[in-house]
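**Student:** Input: one structure, supplied below.
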Amino acid sequence: YAHESGRSLIILVNKWDLITTGEKRAISQARAARIQDSKRPQDQKLYIQRLRNSLKFLNYAPVLFISAATGKNVDKIFPLLEEVARERRKRIGTGEMNRFLKKVDFERASVPMRQRVKILYLTQSNVAPPTFILFTDRAVKLHFSYQRFLENQIRDAFGFVGTPIWIKNRARD
13 YAHESGRSLI
23 ILVNKWDLIT
33 TGEKRAISQA
43 RAARIQDSKR
53 PQDQKLYIQR
63 LRNSLKFLNY
73 APVLFISAAT
83 GKNVDKIFPL
93 LEEVARERRK
103 RIGTGEMNRF
113 LKKVDFERAS
123 VPMRQRVKIL
133 YLTQSNVAPP
143 TFILFTDRAV
153 KLHFSYQRFL
163 ENQIRDAFGF
173 VGTPIWIKNR
183 ARD
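Its first residue numbered 13, the sequence shown is counted upward by one per residue in the working numbering.
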């Protein structure tokens, strides 16, 4: 719901102090996942990978492992909230966006040839959440993979950590 309404988001994983070494957690009768000592960085990465796989639409949300009982990493919540709030209000100028567009390799976007559009320019029309208007040569609905590709490219170049990005398409007048 937060994603659809354009709200920024941080994923907090609580009770991290209760994860124990070598404990088996049964997901179902048929399969069980062995969880190593998840206090190690490589196990946190594995947990994040599993989390990202189940919440693919929230790949922009930072993940913070905390323990409310022991206070571990609780002091990092508010600085992270402030960073996400800054990112939500970030504005990128049209000139900078157009320089960015020249660098993007749209051939890598896996979009059928007949659904490709010629991108004329890109501008940020709003903040909170960051909203971009993509001006194209014709009025067509962008293929979801094209839109996702462009969103990922914008994130790689400009950040926008913890906040959804909205991209709207408009045809040239």
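Where a beta carbon is used, it is the ideal one built from N, C-alpha and C, also for glycine.
As the structure is a computational prediction, the values presented were derived from the model and not from experiment.
Work out the CA separation of Leu-24 and Tyr-2 for me, nearest whole Å.
**Tutor:** Outside the displayed span of the chain (13 to 185) sits residue 2, for which this structure offers no information.
**Student:** Beta-carbon separation of Gly-174 and Pro-91 under 8 Å?
**Tutor:** In this structure, Pro-91 does not lie closer than 8 Å to Gly-174 by Cβ.
**Student:** Are the beta-carbon atoms belonging to Leu-162 and Tyr-133 less than 8 Å from one another?
**Tutor:** The answer is no: Cβ separation not under 8 Å.
**Student:** Using only the alpha-carbon positions, how far apart do Trp-178 and Leu-63 sit?
**Tutor:** Their Cα atoms are separated by approximately 23 Å.
**Student:** Give me, in chain order, the residues of the same chain whose beta-carbon lies closer than 8 Å to that of Asn-26; leave out the 5 immediate sequence neighbours on both sides.
**Tutor:** Ile-78, Ser-79, Ala-80, listed in sequence order.
**Student:** Go to Ser-137, then tell me how far its alpha helix (DSSP H) extends in each direction, as first and last residue.
**Tutor:** Counting along the chain, Ser-137 falls outside any alpha helix (DSSP H), though it belongs to the beta strand (DSSP E) covering 131-138.
**Student:** Taking buried to mean at least 16 other C-beta atoms within 10 Å of its own C-beta, is Glu-94 buried or exposed?
**Tutor:** Flag for Glu-94 reads exposed.
**Student:** So is Phe-156 buried or exposed if we call it buried at 16+ other beta carbons inside 10 Å?
**Tutor:** Classification for Phe-156: exposed.
**Student:** Give me whichever residues DSSP pairs with Val-25 in a beta bridge.
**Tutor:** Note: Val-25 sits in a beta bridge opposite Phe-77.
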